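Inspection log for the structure reproduced underneath, given as structure tokens.
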Amino acid sequence: MNALAGRILDALPQTQCTRCGYPDCAGYAQAIAAGEAGIHQCPPGGAEGVARLSQLTGQAARAIDTQFGTEGPRAMAVIDEAWCIGCTLCLDACPTDAILGIHKRMHTVIEAHCTGCELCIPVCPVDCISLEAATPGKSGWQAWSQAQADAARSRYEAHRRRHDKDEPAPAEPPEAAAPDRKRAIVEAALARARAAAASRNDPKARP
363 MNALAGRILD ALPQTQCTRC GYPDCAGYAQ AIAAGEAGIH QCPPGGAEGV ARLSQLTGQA
423 ARAIDTQFGT EGPRAMAVID EAWCIGCTLC LDACPTDAIL GIHKRMHTVI EAHCTGCELC
483 IPVCPVDCIS LEAATPGKSG WQAWSQAQAD AARSRYEAHR RRHDKDEPAP AEPPEAAAPD
543 RKRAIVEAAL ARARAAAASR NDPKARP
């Protein structure tokens, strides 16, 4: 990463949400520095974020491109623990390790570490994760501090190091075996969740 990309990265909110179209904030910073991306692709940074990037790059400030989203209050992920099946897919998806839980046990969100990136939403097979506005009336950098950005960046870097270290080499083609195993685990967990729900709703099954 060159010096300009480093300064751009320092100015980003570090939510690691990928809404800019890049895999993380570092990827987006490098793309801006290389002239491959505009400075108006980061909804979490909002208008103030665009202004910061404008000063660094000399590009004219402009409104957030709506194809990447819109500026709004920072969101907080909330897990409906009654429906969580403990599949752990959200744990892998969370870039800051803000979700706490283990296999086949309900998970919960550590609010202080959640960046509102929304990446846990699409991977949940039972749709038990929702978003709540954490900063009503405040958006962009008004809803996010530099200290929070620094903490999120540190946690993301730790997440990446741990993931890279613990990732085992696949013993067989991932497109063949891994999805089948994961699908079987999720389907079994779903079956247990449906059975539990049916038991709750059936008066005869109650003690």
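Numbering (the numbering used here), first residue to last: 363 to 569. Note that beta-carbon positions come from the ideal geometry of N, C-alpha and C, so glycine has one too. It should be emphasised that the depicted structure is a prediction, and the values quoted were computed from it without experimental measurement.
Pair within 8 angstroms by beta-carbon distance, residue i and residue j
i: Thr470; j: Glu443; result: yes
i: Ala437; j: Glu494; result: yes
i: Ile370; j: Ala396; result: no
i: Cys456; j: Pro487; result: no
i: Thr377; j: Pro406; result: yes
i: Thr419; j: Ile394; result: yes
i: Pro435; j: Ser507; result: no
i: Ala505; j: Thr497; result: yes
Residues sharing a beta bridge with residue i, DSSP
i: Ala437; result: Ala495
i: Thr470; result: Leu462
i: Ser507; result: None; Ser507 has no bridge partner.
i: Ser501; result: Pro435
Exposure of residue i, with buried meaning 16 or more beta-carbon neighbours within 10 Å
i: Ala474; result: exposed
i: Thr458; result: buried
i: Thr428; result: exposed
i: Asp526; result: exposed
i: Gly408; result: buried
i: Ile447; result: buried
i: Ala520; result: exposed
i: Asp489; result: exposed
Within-8 angstroms CB hit, residue i to chain B
i: His469; result: This model lacks chain B altogether; it includes just one protein chain.
Reduced DSSP category for residue i - H, G, I as helix; E, B as strand; rest coil
i: Asp512; result: helix
i: His525; result: helix
i: Gly399; result: This sequence places Ala at residue 399; Gly is not what is there. Three-state DSSP puts Ala399 in coil, outside helix and strand.
i: Ala423; result: coil
Three CB pairs or more closer than 8 angstroms across the stretch 421-434 and the stretch 455-463: no
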